[in-house]
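Reading through the structure tokens given below for one structure.
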Amino acid sequence: MKYSDGFWMNKSGYDVNYATQIYEVKATDNSITVYATNQWIGNRGMTLGGPVLEITFTSTLADSIKVTIEHYKGAVKKGPDFTLYEDTNFKPVINEKDEYWELVSNKTSVRI
């Protein structure tokens, strides 16, 4: 679905919220989940003013990184769905550094 009118303008009737600030980061054995807000958060009360996007980075196959962005996750199955061919034995390397998180999948990596 296209939300833009050209490169810079949003289509009429659409309100698009972009991730602006990382609010929290959680890591598991095979993924990094980032909670990002659409505005700068100076105090806890400011978390009520807009959406929070849940951005998950994972890798289930060498040299590939899967990115999932969710808002209003809910329980309804939305589709369209298609089969992903994943290697259940593959584990990416996750590194926590002072200034960033990194997910490494063989020769491919993402830094957050």
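End of the sequence shown = 583 in this note's numbering, gap-free, step of one. Ideal Cβ positions, reconstructed from N, Cα and C, are used throughout, including at glycine. Because the structure is a prediction, the values reported are computed rather than measured.
Residue i - DSSP class collapsed to helix/strand/coil
i    : result
L574 : strand
L519 : helix
F528 : strand
V547 : coil
Y494 : strand
Where the beta strand (DSSP E) containing residue i begins and where it ends
i    : result
N566 : 564-567
T559 : No beta strand (DSSP E) holds T559; DSSP gives it neither H nor E.
V581 : 579-582
V538 : 537-541
I512 : No beta strand (DSSP E) holds I512; DSSP gives it neither H nor E.
Distance between beta carbons of residue j and residue i, contact taken as under 8 Å
i    : j    : result
P563 : S530 : 4 Å
For residue i, the nearest candidate out of the options (CA to CA)
i    : options                : result
Y556 : T491, K549, M480, L532 : L532
L493 : W479, S502, S483, G513 : Correcting the residue identity first, residue 493 is Ile in this sequence and not Leu. Minimum Cα distance to I493 is reached at G513.
D569 : Y485, N560, R582, D558 : R582
N560 : G477, D500, L574, T518 : D500
K544 : I565, S475, I536, P522 : P522
T518 : E567, K548, T491       : T491
Cβ-based neighbour list, residue i, same chain, cut-off 8 Å, excluding 5 preceding and 5 following
i    : result
D534 : S576, N577, K578, T579
Y489 : N509
V496 : I503, T504, V505, Y506, W572, I583
Cβ neighbours of residue i in the same chain (closer than 6 Å, five flanking residues each side left out)
i    : result
E541 : E525
T527 : S502, T504, T539
E567 : none
Neighbourhood of residue i by C-beta, 7 Å cutoff - its chain only, sequence neighbours within 5 removed
i    : result
G520 : Q510
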